[in-house]
Amino acid sequence: MSKRDYYVVLEVERSASIDEIKKAYRKKAMQYHPDKNPGDKEAEEKFKEVAEAYAILGDEQKRARYDRYGHAGEQMGGFGGGDPFGFGGGVDLSEALRQFMEQGFGGFGDIFGGGSHRRKRNTRKRGADLQIRLKLDLEEIATGTRKKIKVNKKIECATCNGSGSAKYSKTVQCPHCKGNGEIRQVSQSLFGQFVNIQTCPRCNGEGQVIENPCATCGGEGRVNGTKTIEINVPAGVKNGNYIPLNGEGHAGLRGGSPGDLIVHIEEKPHKIFERQGDDVVVLLPISFVDLALGAEIEIPTLTGKSKLTIAPGTQTGKILRMRGKGIPHLNGAGIGDQLVQVQVYIPERLSSHEKNVLKELAQSNNFKPDEHAKKSMFQKFREALNL
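The numbers in our numbering rise by one with no breaks, and the one at position 75 of the sequence shown is 77.
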């Protein structure tokens, strides 16, 4: 079944303000809430539909994308994983109820004076991820490399070993929420008692606080610091690839697990090489004599000097392939090639003797382009101009 327009679901205009959208969501959510409609599957589906609509229209970025692309934005990955709650198969009722609670509307058991929705959260929060950019030369990409970098981040407090507590300290009941982990404010509404539930800001929902916090970290269990990290970069990485290093991000709060370090690869421009996939291209100026007579010359590659054979009569513009001299395929067998585009080198100044030799050669018909050569050069000229 196709989805209905989110604005239609909430019965608001497309120009509605965020406050108008929130009021419409609250009204609809109250109307279809499962506590008010026990056993009514149709009401449950509408409650989830309303929650889904608000998850998009209540978020400025998601709303802007929806206004532009409609429901097609979900397939494009614009709403974070196929639906606004991050599930691939539609809205989950528990998530819809969680959203309703987090908006401060409470549960219907609270509204009508009964029930309890006590939720406690673990204060051992995971540390945040770190994002850095690592610039690499083509030579490093061709062979793979190890890099040592210094990262500024939150590290575990050495004084309290990440616990956040001073020595011999203990945890006690939070005096702000009396150990509930929540702060409740009761007010009257048309539906009866309305309970606004918020996580306790003092204990962060744990219900307990540290009696004597660590003086070094202030009870967080972590401090600002610097760590040197070694990164193993495999051969063949591309611009935009990233390497995740588990546990190398910011330290967690009071013993929580650390975040990850995400290393984004950035390829430096090269002076002579240009990368095309796993091949590299280089322009090679060669003298007219070597092109005419043939030669074996030494040219640079990403892994050092290598010999290249120039066949007699090689024409300028021809591309010679040096197999296996490019960049290895990432996580796979095979290596790209080095493509050498030949360009004739013409000296800017000539001696009198050199001029006489060239004038003598110019008299030979062998040094005059025939019709086939002229046609070939004209075709190359047209191709260069994209005619």
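We put the CB at the ideal spot given by N, CA and C, even for glycine.
Every value quoted in this text rests on a predicted model; they were computed, and no experiment measured them.
Non-local C-beta neighbours of Thr161 in its own chain, meaning closer than 6 Å and more than five positions away in sequence, comprise Cys216 and Thr218, ordered along the chain.
The shortest C-alpha to C-alpha distance from Val235 to any of Glu13, Pro349 and Arg135 is the one to Arg135. The C-beta separation of Val282 from Leu304 comes to about 6 Å, placing the pair in contact by the 8 Å criterion.
Going by DSSP, Ser354 is part of no beta strand (DSSP E) but of the alpha helix (DSSP H) stretching over Ser354 to Ala364. Secondary structure note for Thr303: its beta strand (DSSP E) is the uninterrupted segment Ala297 to Thr303.
Beyond the five residues adjoining it in sequence on each side, Glu13 comes within less than 7 Å, by CB distance, of Ala26 in the same chain, given in chain order. Under the DSSP definition of a beta bridge, Asn154 partners with Thr228. Where Gln63 is concerned, the enclosing alpha helix (DSSP H) starts and stops at Glu62 to Tyr71. Under the Cβ criterion (8 Å, minimum of three pairs), the segment 139-146 does not count as touching the segment 165-183. In this chain, the beta strand (DSSP E) harbouring Glu268 covers Leu263 to Glu269.
Here the alpha carbons of Arg224 and His252 stand approximately 9 Å from one another.
Between the segment 319-328 and the segment 338-354 there are three or more C-beta pairs closer than 8 Å, enough to call the two in contact. Less than 8 Å divides the Cβ of Thr228 from the Cβ of Asn154.
About 20 Å separates the beta carbon of Lys127 from that of Leu247, a gap too long to meet the 8 Å contact definition. If you look at Arg323, you'll find it in the beta strand (DSSP E) that goes Ile321 to Met324. A direct Cα-Cα distance of roughly 15 Å separates Thr311 from Leu285. Residue pairing for Gly306: DSSP places it in a beta bridge opposite Thr303.
The C-beta distance from Ala237 to Pro330 rounds to 4 Å, short enough to meet the 8 Å contact threshold. Under a 10 Å Cβ-count criterion, His35 is classified as buried, with 16 or more other Cβ atoms of the shown protein chains found around its own Cβ. When the beta-carbon positions are compared, Thr201 and Gly183 come within less than 8 Å of each other. Annotation: Ile288 to Thr316 spans about 10 Å, alpha carbon to alpha carbon.
If the five residues before and after Lys152 are omitted, its C-beta is found closer than 7 Å to the C-beta atoms of Thr228 and Thr230, all from its own chain and listed in chain order.
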